[in-house]
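Report on one structure; see the data block that follows.
Protein chains: 2
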Amino acid sequence: MKRFFTPGPTHLYPTVPNHIQTALSQHIPSISHRSEGFKNMYGETVQALREVFTLPSNWEVLFFASATEIWERLLQNCISTHSFHFVNGSFSDRFFMAGKKLKLGVMNAEADWGQGFSEVGIPGGVEMINFTRNETSTGVMTPESFIYDYRTKHPDPLITVDMVSSAPYTDWDWSQIDAAYFSVQKCFGLPAGLGVLLCGPRILERAQEKANTGVSIGTYHSFPAMAQKTRQNQTIETPNGLAIYLLGKVCQDMLARGVKEMRQTIRERAQILYEFLEAHPRWSPFVEDTSFRSQTVIVADLPEGSKEVLEQLAGKDLIIGNGYGKMKGKQLRIANFPAFTDQDFEVLLTELRKIS
Amino acid sequence: MKRFFTPGPTHLYPTVPNHIQTALSQHIPSISHRSEGFKNMYGETVQALREVFTLPSNWEVLFFASATEIWERLLQNCISTHSFHFVNGSFSDRFFMAGKKLKLGVMNAEADWGQGFSEVGIPGGVEMINFTRNETSTGVMTPESFIYDYRTKHPDPLITVDMVSSAPYTDWDWSQIDAAYFSVQKCFGLPAGLGVLLCGPRILERAQEKANTGVSIGTYHSFPAMAQKTRQNQTIETPNGLAIYLLGKVCQDMLARGVKEMRQTIRERAQILYEFLEAHPRWSPFVEDTSFRSQTVIVADLPEGSKEVLEQLAGKDLIIGNGYGKMKGKQLRIANFPAFTDQDFEVLLTELRKIS
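As structure tokens, this is what we get:
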């Protein structure tokens, strides 16, 4: 049995194959997206997401094709002039670059790969400050407290959080941010093809204000139109209904298991992995400062290179992430996602220890 | 066994459940979208699409989330000033409205629902002329010859064809158009969540020219960047890999069955359905002019209303499309897609005749 400890696409949540069978027998891919059956299914998924995230009732759940799309839509809907980006890896940089490609006034604060941020000033006129909770490329986590501080000091700009490879690990204080988003092929252990935006009221207001000035906020994925549809358990276009169904089922499984307990398991396993790396004769955690270490994507520096280790582990049917971009061949990136059973984790640890 | 004769989402192509099983056992949803395994899979799908459509080698296959997204991307990538739309139903109108929402100079020629177009002049300065091969809302087909005439008379504007609910029924002369697109939940009998753009060289050139002027052509789904990736069997973002896999498998199934033979079956069944409607004591084909009748979405006028008929058929596990928008409750829309076996079609005919 192959196990994919890759930081997304990744191992499927163990219940997914059965949920796909049920979806097929219930004709989920065939029913009309305007039918009552679809609306009920959609409503169940949104409700389960609300419970997993303890989302305030005035927040909306909006579905996109990917987190990459959500970057574009946040800028398109909410930015007239200036957006500010905390960039410390490939994915936070891509959001920043999306702003450049839209010819917007985008600014950034940069940290080296593997490093957290120190406090930086935000220039006046910035409409949105964008954080990445978990840089999937480097395994650096930006602490909640760091993000919340910006709300206190800069109450006017919108605050967004890319929680792509960390959700639903973090228990957010929703009053401190305006939007958070993820894609389903990470911690939810689902096939790729769906991005989810949890969207606070200030985001919707800002998008409406921008539209009211007479400029375009896009054609079909404008937030005010999407919000109106989602309140009716509907989407603008024919959506990836199978993915919406599967996400709802996995959320229900997580709720049955206990979200708090699931978060605790992630914390415990992360600790075991970091202790293993700290004690390793040659390997070490890439992120040195413990307060910036991701709990869901654990990145290890391998001075002897990662190619042979990855091959050895693959020989044991363990697929582990390689270093990202410029770190390819130098690192391991190990997904610590909820999809893994205790037995999966034991197998991983045993094989990692054997290589040592 | 329920049969979904709805014009999308629709009945799954009969091999799809087995292909999903194979995808799961081959870990298609878990493999990295940067891996050789993914590239091979992607390449096989593109090759199968090329064969189904006998696509010229200088055309590219680009993947999106939906045909709705493709409307936006065509305008965003290719239009600086003016786009012209042939509008004769809800979907062609939405493409036109997308141009308005992008604040572009869009123009249209309108035909009443159920009617084809007569020739109209195209104003100078139009950069793109957009046709809908098959209006899913009305069952009106725009003939190839009508579209090709515009190429002859207006060689400069790009010509695009929405073939959402008709592909791969039509055997296009690719030298006469510049782009054609569809979504997979229609004739390919797949779960929704993937749109496919078949993209000729003039489209890519136009997008590059627009980008060269310094204006935005979008962030991640700009055609020149997508074309570069697709030539490497890659995508910009983490894609809906399961859908790409399933599309390839269904295309291979269609090739094994014979695309010509499949088109012939559609033609024969359409003829049987239209003859049934012509001979019906009360019902009639909505599209009166035979040269404008869709072969894949057959729309019937029911003077006594469609509600009870739809319920009666549903009681026999036959789910048929209702009239669209303003025609809801007044019409049937019957999908004549390749997913249906001879037996499925026989059951449909038998039950339709019983109601008569």
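These protein sequence lines are chains A and B, in that order. For what it's worth, the numbering used here labels the leading residue of the first sequence as 405, then goes sequentially. For what it's worth, the numbering used here labels the leading residue of the second sequence as 405, then goes sequentially. A virtual CB, placed ideally from N, CA and C, is assigned to each residue, including glycine.
query	result
In whole angstroms, what is the alpha-carbon distance linking T414 (chain A) and A683 (chain A)?	27 Å
Less than 8 Å between the CB atoms is what I'm expecting for G597 (chain B) and G597 (chain A), so what's the real figure, rounded?	5 Å
CB W463 (chain A) to CB C603 (chain A), shorter than 8 Å?	yes
Output, in chain order, the set of chain A residues within a Cβ distance shorter than 9 Å of F500 (chain B).	Result: empty, since nearest Cβ-Cβ is about 11 Å, beyond 9 Å.
Using a Cβ cut-off of 8 Å (strictly closer), state whether I474 (chain B) contacts chain A.	no
Which bits of chain A does E539 (chain B) rub up against, with CB to CB less than 9 Å?	Per Cβ cutoff of 9 Å: no residues; E539 (chain B) is ~16 Å from chain A at best.
Write down every uninterrupted run of the beta strand (DSSP E) in the region 638 to 716 of chain B whose length is 3 residues or greater and which is fully enclosed by it, in chain order.	701 to 705
Given that L506 (chain B) touches chain A, what residues does it touch there, using C-beta distances under 7 Å?	S620 and T623
Mind listing the chain A neighbours of S587 (chain B)? Cutoff is C-beta to C-beta under 8 Å, in chain order.	T642
For the region 423 to 444 of chain B, enumerate the residues whose C-beta is nearer than 7 Å to any C-beta of chain A, in chain order.	I424, L428, H431, P433, S434, I435, S436 and H437
Output yes if chain B places a C-beta closer than 8 Å to the C-beta of K406 (chain A); else output no.	yes
Just mark E523 (chain A) as buried or exposed, buried being the case when its beta carbon has 16 or more other beta carbons within 10 Å.	exposed
What number of angstroms, rounded off, separates the C-alpha of L428 (chain B) from the C-alpha of L594 (chain A)?	11 Å
Looking only at C-alpha atoms, which of A:L646, A:A739, A:I723 and A:T546 sits nearest to I670 (chain A)?	A:A739
What's the gap between the Cα of D693 (chain B) and the Cα of Q519 (chain B)?	8 Å
Starting from E514 (chain A), follow its DSSP beta bridges and name the residues at the other end.	A:V491
Helix or strand or just coil, what does DSSP make of H823 (chain A)?	Nothing in the structure corresponds to residue 823 (chain A), since chain A is present only between 405 and 760.
Anyone know if the C-beta pair for Q675 (chain B) and K443 (chain B) falls short of 8 Å?	no
For a quick check, are the C-beta atoms of S372 (chain B) and F490 (chain B) less than 8 Å apart?	Outside the displayed span of chain B (405 to 760) sits residue 372 (chain B), for which this structure offers no information.
I'd like to know whether the C-beta of S470 (chain B) is nearer than 8 Å to at least one C-beta of chain A.	yes
Determine the contact status of P411 (chain A) and G725 (chain A), defining contact as a CB-CB distance below 8 Å.	yes
Tell me which residues share the same chain as Q580 (chain B) and place their Cβ nearer than 6 Å to its Cβ, disregarding the 5 neighbours each side in the sequence.	Y552 and R555
Pull up the DSSP beta-bridge partners for G725 (chain A), would you.	A:R737
Return the first residue and the last residue of the alpha helix (DSSP H) that R454 (chain A) is part of.	E440 to F457
Could you list which residues in chain B have their beta carbon closer than 8 Å to that of P418 (chain A), in chain order?	Within 8 Å Cβ-Cβ: nothing; P418 (chain A) doesn't reach chain B, min ~12 Å.
For L650 (chain A), count neighbouring C-beta atoms within 10 Å of its own C-beta (all shown protein chains included) and say buried if the count is 16 or more, exposed if not.	buried
Is P421 (chain A) close to chain B? Criterion is C-beta to C-beta, closer than 8 Å.	yes
Can you find a heavy atom of the ligand GTP that lies under 7 Å from the Cβ of C482 (chain B)?	Inclusion of the ligand GTP in the displayed structure is not the case, the ligand content being empty and no account of it being possible.
Rounded to the nearest angstrom, how far is the Cβ of V568 (chain B) from that of S541 (chain B), given a contact under 8 Å?	The pair is not a contact, with the Cβ atoms about 11 Å apart (cut-off 8 Å).
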